[in-house]
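Novice:
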């Protein structure tokens, strides 16, 4: 158990809908990362937050947004969903989000867009 | 952003055979990390390499960082069925994020 909690584990929805994925980092970790993993694909970096502030942005679509709350949990919002958004979404946390820190991953949320 | 290329994409080996995956970057890396993702699981940190030419071992796993800090390798000696999974290298990009390689999916045939 990495200490990172992601909910829900599975999500099935329809095209055009909006969903929210939730992540609680390890106790004491201030930084949260979001990654997308499509079938047989690698891990695509989406966005990083540190102590409530956006720190880095990767290949995140405009239809996607995220935030980190004062209690340090984070939410990834996906809107106007398309079939291609079906993927495994991982959240990971680190102490301070600095270069070289190892990431602790949650178990992921499997999103299926039908 | 940072790009790390990883080869091969897939590797099937007989149990007991060795396995190697390679990670290459066009730019010098400050450090490189390796992760393992079991089927149906999440990535788990294995190791970090920082120094030029560094070699680290974890039981049957040997990790190397190139002299120019542009490439790295993971070698598994005498694979076992428990080694099955996808192995990723990961390198820092700008602004403290971490970019993952494409991964090598290892299948071990009993």
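Residue numbers (the working numbering), protein chains in the order written: chain A, -18 to 95; chain B, 699 to 808. C-beta: ideal position from N, C-alpha, C; glycine also.
Strictly below 8 Å CB to CB, what residues from chain B border residue 71 of chain A?
Specialist: Walking along the first chain from the start, residue 71 of chain A turns up at place 90. Result: 740, 741.
Novice: Going by the DSSP bridge assignment, what does residue 3 of chain A pair with across the sheet?
Specialist: Mapped onto the first chain, residue 3 of chain A falls at position 22. Answer is A:-12, A:56, bridged to residue 3 of chain A.
Novice: Per DSSP, which residues does residue 773 of chain B bridge with? Please list them.
Specialist: Residue mapping note: residue 773 of chain B aligns to position 75 of the second chain, counting from 1. Paired residues: B:718, B:760.
Novice: Assuming contact is defined by CB atoms lying nearer than 7 Å, are residue 59 of chain A and residue 45 of chain A in contact in what I supplied?
Specialist: By 1-based counting over the first chain, the position of residue 59 of chain A is 78. By 1-based counting over the first chain, the position of residue 45 of chain A is 64. Contact: yes.
Novice: Interface residues of chain B around residue -10 of chain A at Cβ under 7 Å?
Specialist: On the first chain, residue -10 of chain A is found 9 positions in, with the first residue counted as 1. The contacting residues do not exist; residue -10 of chain A stays about 11 Å from chain B at best.
Novice: Can you tell me which of the three DSSP states residue 90 of chain A falls into?
Specialist: As a first step, residue 90 of chain A is located in the first chain; it is residue number 109 there, counting from the start. Looking at residue 90 of chain A - three-state DSSP - the assignment turns out to be strand.
Novice: For the pair the region 722 to 740 of chain B and the region 25 to 44 of chain A, tell me if three or more CB-CB distances fall below 8 Å.
Specialist: Touching, no, given that fewer than three Cβ pairs across the two stretches are closer than 8 Å.
Novice: Is it true that the CB of residue 803 of chain B sits closer than 7 Å to the CB of residue 784 of chain B?
Specialist: Looking up residue 784 of chain B in the second chain gives position 86. Looking up residue 803 of chain B in the second chain gives position 105. Result yes, Cβ atoms of residue 784 of chain B and residue 803 of chain B sit closer than 7 Å.
Novice: Just the C-alpha distance for residue 52 of chain A and residue 728 of chain B, rounded to the nearest angstrom, thanks.
Specialist: The residue given as residue 52 of chain A occupies position 71 in the first chain. The residue given as residue 728 of chain B occupies position 30 in the second chain. So the alpha carbons of these two residues sit roughly 32 Å apart.
Novice: Chain B partners of residue 45 of chain A, CB-CB under 8 Å?
Specialist: As a first step, residue 45 of chain A must be located in the first chain, where it is residue number 64. Those do not exist, as residue 45 of chain A stays about 16 Å from chain B at its closest Cβ, beyond 8 Å.
Novice: So with CB distances below 8 Å, who are the chain A contacts of residue 728 of chain B?
Specialist: Walking along the second chain from the start, residue 728 of chain B turns up at place 30. By Cβ distance, chain A contributes 80, 81.
Novice: So with CB distances below 8 Å, who are the chain A contacts of residue 719 of chain B?
Specialist: As a working mapping, residue 719 of chain B is identified with position 21 in the second chain. Those within 8 Å of residue 719 of chain B in chain A number zero; the least Cβ separation is about 13 Å.
Novice: For chain A, check one thing: does any of its Cβ atoms lie closer than 7 Å to the Cβ of residue 790 of chain B?
Specialist: The residue given as residue 790 of chain B occupies position 92 in the second chain. Residue 790 of chain B counts as touching chain A.
Novice: Straight-line CA distance for residue 68 of chain A to residue 708 of chain B?
Specialist: As a first step, residue 68 of chain A must be located in the first chain, where it is residue number 87. As a first step, residue 708 of chain B must be located in the second chain, where it is residue number 10. Using only the alpha carbons, I get a separation of about 20 Å.
Novice: Can you say whether residue -18 of chain A is buried or exposed, counting buried as having 16 or more other CB atoms within 10 angstroms of its CB?
Specialist: As a position in the first chain, residue -18 of chain A is number 1, starting the count at 1. Burial call: exposed.
Novice: In chain order, which beta strand (DSSP E) runs of at least 3 residues are fully inside the region 28 to 86 of chain A?
Specialist: Segments of the beta strand (DSSP E) lying fully in the region 28 to 86 of chain A: 34 to 38, 45 to 49, 55 to 59, 68 to 75.
Novice: Please return the same chain residues whose Cβ sits closer than 6 Å to the Cβ of residue -7 of chain A, not counting the five positions on each side in sequence.
Specialist: If you number the first chain from 1, residue -7 of chain A lands on position 12. Closer than 6 Å at Cβ, skipping near neighbours: 93.
Novice: State the Cα-Cα distance for the pair residue 71 of chain A and residue 84 of chain A, rounded to the nearest angstrom.
Specialist: Here residue 71 of chain A is taken as the residue at index 90 of the first chain, counted from 1. Here residue 84 of chain A is taken as the residue at index 103 of the first chain, counted from 1. When rounded, the distance between both Cα atoms is 11 Å.
Novice: So, do the region 718 to 728 of chain B and the region 754 to 771 of chain B have three or more beta carbon pairs nearer to each other than 8 Å?
Specialist: Yes, the region 718 to 728 of chain B touches the region 754 to 771 of chain B.
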